[in-house]
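One structure is given below, encoded as structure tokens.
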Amino acid sequence: MNREEAISTLKAYFQNKADAYDIDTAFLYGSLACGYPKIESDVDVAVLFIHEMSEEKTFSSMNTISLELIDILKREVNVLYIDKDLSRPMLHYNAIVKGMPVFMRDFTRYVDLRLKAISQMEDFSIFGTKWQSDVVRKRLEGLDRARV
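Number 539 marks the last residue of the sequence shown (the numbering used here); no jumps.
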């Protein structure tokens, strides 16, 4: 299945299943969305649900979506849960901003989500770099101590 077929299939899938799984917006991201997939590339999909659900219901929905898409696309599929707070700014930015929407229930909510992802990534890039540097430094110090 080539890129265009995969995109078309994902759009049809989410159009048909959005109500059943209470999906607000779905994105294709990663190598397939960017146009440089390899034959063995998996399919990266991100999903925002209409409302917050229990962890069990969220996991069940994501697992079912993943299994159905694996069956349809005949490729490994990773489904990313997008929470309302965008608690994983780098990953959510890649899905929402660099990826492509394959389903959106409401264009205004999509634009709001996109702007929020950009804003969070800007904040993360300002403050996150120091945090990442501190984490790496501490891990390297731990490795140095382990060698002794």
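From the three backbone atoms N, C-alpha and C, an ideal C-beta is built for every residue, glycine too.
Let me check understanding here. Comparing Cα to Cα, which of A508, T449 and I430 lies closest to K465? Of all alpha-carbon atoms in A508, T449 and I430, the one lying nearest the alpha-carbon of K465 is that of I430.
Going by C-alpha distance, which of L506, F498 and E467 is nearest N485? Cα-wise, what sits closest to N485 is L506.
Touching or not, the segment 447-465 and the segment 422-429, by the rule of three or more beta carbon pairs under 8 Å? Too few Cβ pairs lie closer than 8 Å, so no.
Alpha-carbon spacing of P492 relative to L419, whole angstroms: So the alpha carbons of these two residues sit roughly 6 Å apart.
How many angstroms separate the CA atom of E396 from the CA atom of F405? Linking E396 to F405 through their CA atoms gives a straight-line distance of about 14 Å.
Using the three-state DSSP reduction, which class does D435 fall into: helix, strand or coil? Secondary structure at D435: strand, using DSSP grouped into helix, strand and coil.
With C-beta atoms as the reference, is A409 less than 8 Å away from G490? No, Cβ-Cβ distance for A409 and G490 is not below 8 Å.
Reduced DSSP category for N469 - H, G, I as helix; E, B as strand; rest coil: Three-state result, N469: strand.
Given a cut-off of 8 Å on the beta-carbon distance, is the pair I441 and D413 in contact? Taking the C-beta atoms as reference points, D413 is found nearer than 8 Å to I441.
What did DSSP end up calling Y412 once you bin it into helix, strand or coil? If DSSP states are grouped into helix, strand and coil, Y412 belongs with the helices.
Return yes when the Cβ of V488 is within less than 8 Å of the Cβ of V434, no when it is not. No.
Best match in M392, T416, A411 and R394 for proximity to F494 [C-alpha to C-alpha]: That would be T416, whose Cα lies nearest to the Cα of F494.
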